[in-house]
Structure formats: C-alpha cells, structure tokens
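Numbering (mature numbering (1 follows the signal peptide of the UniProt record, and there is no 0)) for the sequence shown: -18 to -1, 1 to 286. Every residue gets a Cβ at the ideal spot worked out from N, C-alpha and C, and that includes glycine. Since this is a predicted model, take the numbers as computed values, not measurements.
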Amino acid sequence: MVPLLLLLPLLLEGERLGRSGGGGYRLRVQESLAVQAGLGVRVPCSFSYPWSSWYSSMEPFIYWFREGDGPHSDPVATNNPKRPVKTETQGRFRLLGDPSDKDCSLSISDARMSDTGVYYFRVERDDVKYSYRDKKLSLQVTAPPGKPYIQFPEPLEAGRPTKLTCTLSLASGGGLPLLFSWVGEAVESIDPDTLHSSELTLTPRPQDHGTNLTCWVTLQGSQVTLETTVRLNVSCECGGAAGSLGAVLAGDGPSFLWTCPLSQMSLIHGLLLLPAPFPFILFKILVLTVRKHTEDQSYHLHHF
C-alpha cells in the first residue's frame, strides 16, 4: 500500500495543474457552430488531462456550463448523478460518449433561440478539477426552417400520371432524416405506403380540381414538423381536343365548369357523359351556354 505522505504531493500536483492550466489539459472541440431553431446538432469533443489510473478507479465527472456560470452552478449537461442540470436544457443537452474514454461529445436537440451563447467544459476526477477556459463552444441558434416547396407542372392533366416533388431547404441540421407525408382528397385512393416519400406520382381526376394537397415534413430527432399546401388545378382532354375544368360554387354540392367541343360529348336525357379518358363519370347539366360561331360549349356541371 502506498503511504499517504507519498500520495499527497501527487494529489496536490494534480490540483495545481488544474488551476494553472499546465501541461496535459487539452480540449478538441469545434469552437463555433450554428443550428436552426427547432433542429438538433451533435458536437464532437474529446479531452485529455494529467491523471494516472493508480490514483483511483473512480469515473471522471464531466460538465458543460454556460459562460458566466461558475463550477458550482447547475450545468447544462453532466454525467454526475448528484448534480442537477439547468431546467431549460434538461433532456435537450445530452452527453453522447463515454467520459472514461475522454469523450465529451454533446448532443443538442430542439434548439431554442435562448440557447445562443458560449459554453465551457470541465472535468473532475478525485482531486483533479479543471475548467477548459482556453477553448470554448460558441453556439448560434438562427431562425427556424422555412416551409417546404411542392414542385409540379401546372395545370395538371386529368388522367395523366404526374410526378410531384416536395423539398425542404435547411441551412443546418442537414444530417437529420426527413419523413414526408402527403395528405389530401386527391391521394385518398393511393397506396398509403407510397405517401411517405418526397416524390409523389399522382393521376389527377376531374373532381380533384380545386382541392388541397398538403406535404408534411417531419425532421426526425427533433420536434419540428413543417407543412405547405397547394390548390390543384386540373385540366382535361375531350377526345383529341383540349378541354378545361374549373371550379364553380354551388349551393347544393361541388360544381365544375367544363368547356369542350360539343362533338366530343354525349347528351342523354339531360345527363352529360364525359368522353375518354373518363367515360364512366356522369354529370348532371345545370346550365348550358352556347358560344356563338364556335362548337365550344360551356357547362355548369354537378357531380353525382
């Protein structure tokens, strides 16, 4: 057993190095980083300090503090079970690595504007206690991400499969996986398994005109879900001739304004049977307006 009188100078030397910033204390960490509000970021970090394993088998306690707080204040993150952390960072600032392996990596989730500031690292093991003041972490939390953007050709052509793309531009947090979801009347009949991709293949129907289509983007690992909504504009073709479908308000249900050459339509006892590619969609004629000098007909149609 090593006599206490021999151990005492070594312990005092460890404390002296901790106070003075002597040799052996080094911190490797990114000194400045930015993250958008609501997102998360990982801060790789490693450290070294003068300590010999024969001092004690005790695990080192490590801490991250806000600049301006002393070592006896509540840290933002620590592995010391006897030390409470700040309420505002609890559960969001977490240590990732094993302190015994000199890993001080930090995870920050659901970043808040109030998190902006400077942070410093501290290690404590037996009588070795040291705050790394020469290298600190400066965190800047910026404005949250904007809305997603849905890109597709307009107008959509009824009956023709069309690819729609939902994109989200991130200034930071690009490593987070994104979960996409499409919602709307136009996709209710589509296989749900295909509605969780950034790309959607949609075959619009006449009744989809004027309906809303929403893209939801969830940033997994954060509390952020963003959305954007577009109103679909659907056009049709009557046989080989162009036709158009427009929304019209009606008191007794959804109505549409259909313009198409009369020669491409079939009128049967006050009913209008649309030509291919929609020969089975039946509409009741509410109003018929004949355009002079042309074969074009405008109908106010009520969908059954």
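Check: If you draw a straight line from the C-alpha of Lys118 to the C-alpha of Gly99, how long is it?; Outcome: 10 angstroms
Check: Please tell me whether Val199 and Leu160 are closer than 9 angstroms, where the distance is taken between their beta carbons.; Outcome: yes
Check: Tell whether a beta-carbon distance below 9 angstroms holds between Asp105 and Pro81.; Outcome: Before going further, note that residue 105 is Val rather than Asp in the sequence given. Yes, they are a contact pair.
Check: Excluding five sequence neighbours on each side, which residues of the same chain lie with their C-beta closer than 8 angstroms to the C-beta of Glu139?; Outcome: Pro186, Val216, Ser217, Cys218 and Glu219
Check: Spatial neighbours of Leu182 within its chain, please: CB distance less than 6 angstroms, with the 5 preceding and 5 following residues excluded, ordered by chain position.; Outcome: Leu146 and Trp164
Check: Alpha carbon to alpha carbon, what distance is there between Glu167 and Leu208?; Outcome: 20 angstroms
Check: Helix or strand or just coil, what does DSSP make of Gln133?; Outcome: strand
Check: Who does residue 288 pair with in a DSSP beta bridge?; Outcome: Absent from the model: residue 288. The displayed extent of the chain is -18 to 286, so no value can be given.
Check: Going by the beta-carbon positions, is the gap between Gly6 and Tyr31 smaller than 9 angstroms?; Outcome: yes
Check: Just to check my reading of the structure: Ala125 and Gly22 have Cβ atoms closer than 8 angstroms, yes? What is that Cβ distance to the nearest angstrom?; Outcome: About 16 angstroms separates the two Cβ atoms, so there is no contact after all.
Check: Who are the near neighbours of Ser91 in its chain, counting only those whose CB is closer than 7 angstroms to its CB and skipping five residues on each side?; Outcome: Gly22, Arg74, Gly203 and Ser204
Check: First and last residue of the beta strand (DSSP E) that includes Asp116?; Outcome: Val110 to Thr124
Check: Please identify the residue among Val58, Phe29, Arg24 and Val169 whose C-alpha is closest to the C-alpha of Leu184.; Outcome: Val169
Check: Please name the residue or residues paired with Ala59 in a DSSP beta bridge.; Outcome: Trp46
Check: For Asp12, does the three-state DSSP call read helix, strand or coil?; Outcome: Note that residue 12 is Gln in the sequence shown, not Asp. DSSP places Gln12 in coil when its eight states are reduced to three.
Check: So, for Glu143: in the same chain, excluding its five sequence neighbours on each side, which residues have a beta-carbon less than 6 angstroms away from its beta-carbon?; Outcome: The question names Glu, but residue 143 is Pro in the sequence shown. Cβ within range, chain order: Thr183 and Thr185.
Check: According to DSSP, simplified to helix, strand and coil, what is Gln18?; Outcome: strand
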